[in-house]
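Peer 1: Take a look at this one; I'll ask things after.
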Amino acid sequence: PEAGTPSNPSYCGSPGEINLFSLLTNYDEEGTWEEITNSGMLTGNNWDASSLQSGNYQFKYKVSDLCNNSDEAVLNITIKPIPQTPEISVDTVICSNEQLQLFASNITIGSYQWTGPNGFTSTQQNPIIENPTASNDGVYTLKIISNGCESVAVSTTLNINDFPEFVIAGGCENNEDNYVLRAFPSG
Numbered sequence: 001p002e003a004g005t006p007s008n009p010s011y012c013g014s015p016g017e018i019n020l021f022s023l024l025t026n027y028d029e030e031g032t033w034e035e036i037t038n039s040g041m042l043t044g045n046n047w048d049a050s051s052l053q054s055g056n057y058q059f060k061y062k063v064s065d066l067c068n069n070s071d072e073a074v075l076n077i078t079i080k081p082i083p084q085t086p087e088i089s090v091d092t093v094i095c096s097n098e099q100l101q102l103f104a105s106n107i108t109i110g111s112y113q114w115t116g117p118n119g120f121t122s123t124q125q126n127p128i129i130e131n132p133t134a135s136n137d138g139v140y141t142l143k144i145i146s147n148g149c150e151s152v153a154v155s156t157t158l159n160i161n162d163f164p165e166f167v168i169a170g171g172c173e174n175n176e177d178n179y180v181l182r183a184f185p186s187g
């Protein structure tokens with residue numbers, strides 16, 4: 001008899017219902033499944049993990065023949081937690097040559113992974129882009145990575161406005177002692 005070779009998978013969050021045979025290779029089907037841990041969710045060869053917490057779960061598959069020969073395979077399944085979804089904030093309208101700073105909520109487990117236009121990436125919680133230009137316009141996305149699992153991604157759209165260029169002109173008006181300055185768009 002052959003109990004097979006287990007794949008010992010790990011999942012990010014609940015994998016739902018699993019046919020445990022799908023996690024074995026080279027096995028005889030006449031055996032029985034037993035849960036070594038105690039989730040209480042095993043029925044035959046189907047394990048319903050849809051409502052289980054993260055953790056490690058173990059199962060034993062035993063197959064015997066008519067001569068009392070037997071073989072066992074122990075299957076380990078790991079359910080890892082999905083990181084918390086971050087919150088982000090930023091001033092969504094920024095002028096070029098101003099400092100652009102992205103803000104993220106504080107997380108206790110995991111690392112920050114920002115992506116954005118013009119090849120932008122950062123692992124800082126609150127990254128800064130010095131002297132942004134129109135090439136920095138677009139969608140900035142953040143997700144948290146922990147133990148190989150990703151949070152739900154959150155995004156914001158930024159618009160970088162060109163810093164206005166202007167000319168200042170001044171002079172006395174109406175032969176008075178008041179000097180008046182006026183700004184005019186250049187070009």
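Counting along the sequence shown from 1, when you hit position 147 you're at 147 in the working numbering, and nothing is skipped either side. No residue lacks a Cβ here, since even glycine has one placed at the ideal position from N, Cα and C.
(1) With distance defined between alpha-carbon atoms, name the residue in L20, G116, A104 nearest to G4.
(2) Sorted by chain position, which residues of the same chain lie with C-beta nearer than 7 Å to Y156's C-beta, five sequence neighbours on each side aside?
(3) N161 lies in the beta strand (DSSP E); which residues open and close that run?
(4) Run the CB neighbour count on G40, radius 10 Å, all protein chains shown included, and call it buried at 16 or more, exposed below.
(5) In its own chain, which residues sit with a C-beta less than 6 Å from the C-beta of L142, not counting the 5 before and 5 after it?
(6) Identify the continuous beta strand (DSSP E) that holds L185 and give its terminal residues.
(7) Is the beta carbon of E35 closer than 8 Å to that of F24?
Peer 2: Taking the geometry as given:
(1) When each option's Cα is compared against that of G4, the closest is L20.
(2) Correcting the residue type first, residue 156 is Thr in the shown sequence and not Tyr. For T156, the CB contacts under 7 Å within the same chain, skipping 5 residues up- and downstream, are I88, V90, T92, Y140 in chain order.
(3) Membership of N161 in the beta strand (DSSP E) is indicated by the continuous run 154-161.
(4) Exposed, because fewer than 16 other Cβ atoms sit within 10 Å of the Cβ of G40.
(5) Excluding positions up to five away in sequence, the list reads P86, I88, A104, W114, V154.
(6) The amino acid occupying residue 185 in the given sequence is Pro; Leu does not appear at that position. Secondary structure note for P185: its beta strand (DSSP E) is the uninterrupted segment 179-185.
(7) According to the sequence as given, residue 24 is Leu; it is not Phe. Their beta carbons are not under 8 Å apart, which means L24 does not touch E35 by this criterion.
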